[in-house]
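Chains as they are written, first to last, in this note's numbering: chain A, 1 to 180; chain B, 181 to 543; chain C, 544 to 1114. Note that the Cβ used here is the ideal one computed from N, Cα and C, for glycine as well.
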């Protein structure tokens, strides 16, 4: 391996006493003492969460209160640490959203496993799962941190919908088939 | 000695003791606050005493300042579970923190912290024991503190404390010499008196009517050597070899917790306070202000004490300021500095001033 | 049916797929021929086992043949002396075009690509695109071809056509008409294979809808094959609907155990749970079909009466304890074995080995399961592996449903120890009193009366929890693999039998509990298995000589790809 010898300048007498350097350092720290703190007093002050922040994955409802997830299980498939576990179920034929046909019976995210990669949000074809701005979770047991469907909807809340895909589907159904 | 006079002395002793103890406690707070400011943080700002902290503006201000923190810290030290590791030598393990604490407390008996004028019109020191060999007493007793550290390191029967203890003793020996030698020119300067009060009084007058007769102005090198040695003696950064968290975990006190650790802790800060007091008395004119003559009476007495304490605290601040500025020396650097630089310098300094004083006395 | 006959395989013709010469069997269509060349012609309506209708138009390719001079009949040549190709001016459908010598095909020309794009666009016009909720997603041809050959975006802004969803067209099949692309595979299947024409299209154009004939429903025992061949998610299995996405399923090759046809199957499981069973193509056995009844057999894995605990006289015990006691019985006194036609060849062979170590004669019986065959993929013998017992020498005659000989032997005390494997002998003419007389060791997957009164109970793995082989009615050895782990506490693989064998033989006869190790032993001991090993059995099975059993009166009638030998002899 090639070695390069660096030239070290000999120290001057003043430098050998350390004193000028010490005083210089003290000047810097003294100046620092009068600057405002750069830290955040965390639980009281909260950081500004930037756009696109990947916090805790949550399930959201559309503005009409319909749960958007149809349990396609793509997030479960794409999840690198396998934190998501879905039990699919069928929507009752009598329900308002019967035309969606499928909804999760159970939806679990193990927050202890989640690595906040956001793949689930990216892969979701229904825009039902979002990594929002929640970043600190706590619990007393491992079970407690396996978030169930109701908890995930509670965290997620309602987000604006850009497509209203299923409402358009229902409109088409109501309009009916002109032939029949 | 009459019994009520005895009672007065005991009362004075207790008063000074409690003041120094609480000073030590607040020195810890100051250390944390200074560290926080230097590092752009806030520092302790949560602890609240129920009623006092609830006062609208003042209470909040005091809380933010962390004024109640020492109380919490002290209670914590008192009430924490006190484990004694199984592998220690129990007797010496328990003895060591006391040995570290008691000398630190004892040194303050001879430290004059103010003056008063008695009925006879003589200026008298405010001191617990006005010994003629005051400074010798301080040097002798304070250097006993290292035994607490060495003993603690040894009795812990564990590798890091042991290394910390070894380092402490080596460092103490190295710098004790320079410390002593750096003081000799001062005593020579003040006519050979070892009495601290006399030395302070000697710095009262102005030279040529305008120059304060503070020792530091006449003997800056002595002051520098003494200050550096003082840093080393008090195990403060950049000389905190015995503790050096980064390589020895916590050095000599690794195996100590709760109240025993608290004793070490308070001992260390008492050392700093007393050391600062000595430095103020010897080099910074004690309770004297240049161009100001202290009035007689109670007001003068209080003023003298205030001036002394303020000077002392300013120096304590310098201790902290240096700590949060400088990194730790390497062990061999500490030894090199002590033996190859400070000691020769101290000897040369002594010889130089001995000649100067001899020359001055000729005229 | 359009299956190519065996005779054609000898004759081959050379065609040119995108200018690359490929030798293909004569008479096959272009979809198959291009597949031989390693390329793909996308198709929906064409199915190798069904007739060709050519109504999806997805398999459009450009085709041309070497030209011949009209006047002279001489081949036309270009300047360089090569045959001149007369291209058909319009694209042709690959499924209905058979190969001819020298034929040229373009599968990647811009015209072909445009055609596919156009067809895809029309197919997607009224397709609901509800892939997130569609069970077919992941194995959907429409999805695959839309990705591979589609234009990538939709120009359709109008409202889509509405058709009935969630229609129950049979007890096991649910229809979503919106997703249907009108390929008519299911209609042809019902007509041609299931022989139960109940499906048809009504209405015209975009409104064409698949439905059942009035008053009929799709309830034959092959209805779920329509779900398998549906290229989209229109026909879905009611049982599997919304249970699990197909991309999670681990696919394990297995064998349908409900009759001696031995349909090849694929078991789809995830994390130890089986979700569905689908047929696996084997042109010599079941083509691409299987009966519906075989698709629910996975439920036996988690059946309520599943036995998972070793026990002695009803007291739970360790596996070793139960097997040791069983071997103690076998080594003292006269023993008999009632085995099952549902056991694998390996298990039956190990039972013969175990019997050989017991003192004296150890007779063995199988319990017959006879029912009417349907002439397709359910034979009259509902035991999948009677021939295995014959080949391994466990039995030497066709089993009967009633064990009268055993009953007499038990009554007279001639049989003191009885090993019952996988059968409830109380259903086969043995009374509970007779069971109580002997030391009965019951090895089985389910609790039953026999287990109730047996001295020793040993749990058995189901076909999904072990690997092994069956011999079907054609004397074809077919392998199955382990799909899911067995229940907790049950010895894995063949361990029950190998450990019993080791205990009976006093530790002298030790075989590794894997099919491969047992096959090494069997190849040495059994003529039919000579030079055969477990790993050498191909996935479509291996026929073995059946001459030794030619005289036995097997009960199977004619079924798909099977002519009974005795019937031929009778005729």
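Review point. So, residue 891(C) versus residue 937(C), is the Cβ gap smaller than 7 Å?
Key: If you check the CB distance, residue 891(C) and residue 937(C) come in under 7 Å.
Review point. Between residue 84(A) and residue 224(B), what straight-line distance do the alpha-carbon atoms span, to the nearest angstrom?
Key: Cα to Cα, residue 84(A) sits roughly 41 Å from residue 224(B).
Exercise for review: Please go through the segment 678 to 764 of chain C and give each complete beta strand (DSSP E) segment of 3 or more residues, from N-terminal end onward.
Suggested key: Unbroken beta strand (DSSP E) stretches of 3 residues or longer found wholly inside the segment 678 to 764 of chain C: 716 to 718, 742 to 745, 752 to 755, given in chain order.
Review point. Within 6 Å: the Cβ of residue 26(A) and any heavy atom of the ligand HEM?
Key: With respect to small molecules bound, the structure shown includes none, and the ligand HEM cannot be examined in it.
Practice item. Using a Cβ cut-off of 7 Å (strictly closer), state whether residue 38(A) contacts chain B. Key: Interface residue, yes.
Check your understanding: residue 574(C) lies in the alpha helix (DSSP H); which residues open and close that run?
Key -> In the DSSP annotation of this structure, the continuous segment of the alpha helix (DSSP H) that includes residue 574(C) starts and ends at 573 to 579.
Review point. According to the Cβ coordinates, are residue 325(B) and residue 280(B) closer than 7 Å?
Key: In this structure, residue 280(B) lies closer than 7 Å to residue 325(B) by Cβ.
Review point. What's the gap between the Cα of residue 101(A) and the Cα of residue 169(A)?
Key: C-alpha separation (whole angstroms): 12 Å.
Review point. Around the C-beta of residue 592(C), are 16 or more other C-beta atoms found within 10 angstroms, so that it is buried, or is it exposed?
Key: Counting Cβ neighbours within 10 Å, residue 592(C) comes out buried, since at least 16 surround it.
**Study point:** Three-state secondary structure (DSSP) of residue 334(B)
**Key:** Three-state DSSP puts residue 334(B) in a helix.
Review point. Which whole-angstrom value is the C-beta distance of residue 363(B) and residue 527(B), which I expect to be below 8 Å?
Key: Not a contact, Cβ separation roughly 13 Å.
**Study point:** Within the segment 62 to 127 of chain A, ranges of the beta strand (DSSP E) (whole runs, at least 3 residues)
**Key:** The DSSP assignment places 84 to 90, 102 to 110 as complete runs of the beta strand (DSSP E) inside the segment 62 to 127 of chain A, in order along the chain (cut-off: 3 residues).
**Study point:** Touch test, the segment 132 to 148 of chain A against the segment 103 to 111 of chain A, Cβ-Cβ under 8 Å, three pairs minimum
**Key:** With a cut-off of 8 Å on Cβ pairs, the segment 132 to 148 of chain A is in contact with the segment 103 to 111 of chain A, counting three or more such pairs.
Exercise for review: For the alpha helix (DSSP H) holding residue 381(B), just list the boundary residues, first then last.
Suggested key: Its alpha helix (DSSP H) spans residues 376 to 382.
Exercise for review: Give me whichever residues DSSP pairs with residue 1011(C) in a beta bridge.
Suggested key: In DSSP, residue 1011(C) forms a bridge with 1023(C).
Practice item. Could I get the ranges of all uninterrupted beta strand (DSSP E) runs contained in the segment 783 to 853 of chain C, with 3 residues as the minimum, in chain order? Key: Taking only runs of at least 3 residues, the beta strand (DSSP E) segments lying wholly in the segment 783 to 853 of chain C are 793 to 798, 807 to 813, 816 to 822.
Review point. Which of the three DSSP states, helix, strand or coil, is assigned to residue 986(C)?
Key: DSSP places residue 986(C) in the strand class (E or B) of the three-state scheme.
Review point. Taking the alpha carbon of residue 306(B) as the point to measure from, which residue in 315(B), 216(B), 294(B) has its own alpha carbon closest?
Key: Answer by Cα proximity: 294(B).
Check your understanding: Which residues, taken in chain order from the segment 779 to 791 of chain C, show a beta carbon closer than 8 Å to some beta carbon of chain A?
Key -> Residues passing the 8 Å Cβ filter: 784, 785, 786, 787, 788, 790, 791.
**Study point:** Residue span of the alpha helix (DSSP H) that contains residue 1057(C), given as start and end
**Key:** Careful: residue 1057(C) lies outside any alpha helix (DSSP H) and carries neither H nor E.
Review point. The alpha helix (DSSP H) with residue 646(C) in it runs from where to where?
Key: Element bounds for residue 646(C): n/a, residue is neither H nor E.
Check your understanding: Ordered along the chain, which non-local residues of its own chain (more than five positions away) have a Cβ less than 6 Å from that of residue 267(B)?
Key -> Result list for residue 267(B): 337, in chain order.
Check your understanding: Straight-line CA distance for residue 836(C) to residue 57(A)?
Key -> Residue 57(A) has its alpha-carbon roughly 42 Å from the corresponding atom of residue 836(C).
**Study point:** Exposure label - residue 696(C); buried when at least 16 CB within 10 Å
**Key:** It counts as exposed.
**Study point:** Contact between the segment 1094 to 1109 of chain C and the segment 1043 to 1057 of chain C (3+ Cβ pairs under 8 Å)
**Key:** No, the segment 1094 to 1109 of chain C does not touch the segment 1043 to 1057 of chain C.
Check your understanding: chain B beta carbons: is any one of them nearer than 7 Å to that of residue 24(A)?
Key -> Chain B contact via Cβ: absent.
Check your understanding: Looking only at C-alpha atoms, which of 880(C), 699(C), 690(C), 571(C) sits nearest to residue 643(C)?
Key -> Residue 571(C) is the option with its Cα nearest to residue 643(C).
Review point. Cβ of residue 465(B) within 7 Å of Cβ of residue 410(B)?
Key: Cβ distance not < 7 Å, so residue 465(B) and residue 410(B) don't count as in contact.
Review point. Would DSSP call residue 387(B) helix, strand or coil?
Key: DSSP, reduced to helix, strand and coil, places residue 387(B) within a strand of the structure shown.
Review point. From residue 1081(C) to residue 1021(C), what distance separates their C-alpha atoms?
Key: Going by C-alpha positions, residue 1081(C) is about 8 Å away from residue 1021(C).
Review point. Taking residue 607(C) as the reference, which of 559(C), 565(C), 659(C), 935(C) has the closest Cα?
Key: Selected option, being the one with the closest Cα: 559(C).
Review point. Which bits of chain C does residue 125(A) rub up against, with CB to CB less than 8 Å?
Key: Close partners of residue 125(A) in chain C (Cβ separation under 8 Å): 674, 675.
**Study point:** Rounded separation between residue 497(B) and residue 3(A) - CA only
**Key:** Whole-angstrom Cα-Cα distance: 46 Å.
Check your understanding: Do you know how far the Cα of residue 311(B) is from the Cα of residue 450(B)?
Key -> Answer to the nearest angstrom: the Cα atoms are 20 Å apart.
Review point. Residues of chain C with CB under 7 Å from residue 175(A), in chain order?
Key: Ordered by position in chain C, the residues that pass the 7 Å Cβ test against residue 175(A) are 702.
Practice item. Please compile the residues from chain C whose C-beta is within a distance smaller than 8 Å of the C-beta of residue 182(A). Key: Shown here, chain A extends from 1 to 180; a query on residue 182(A) therefore has no answer.
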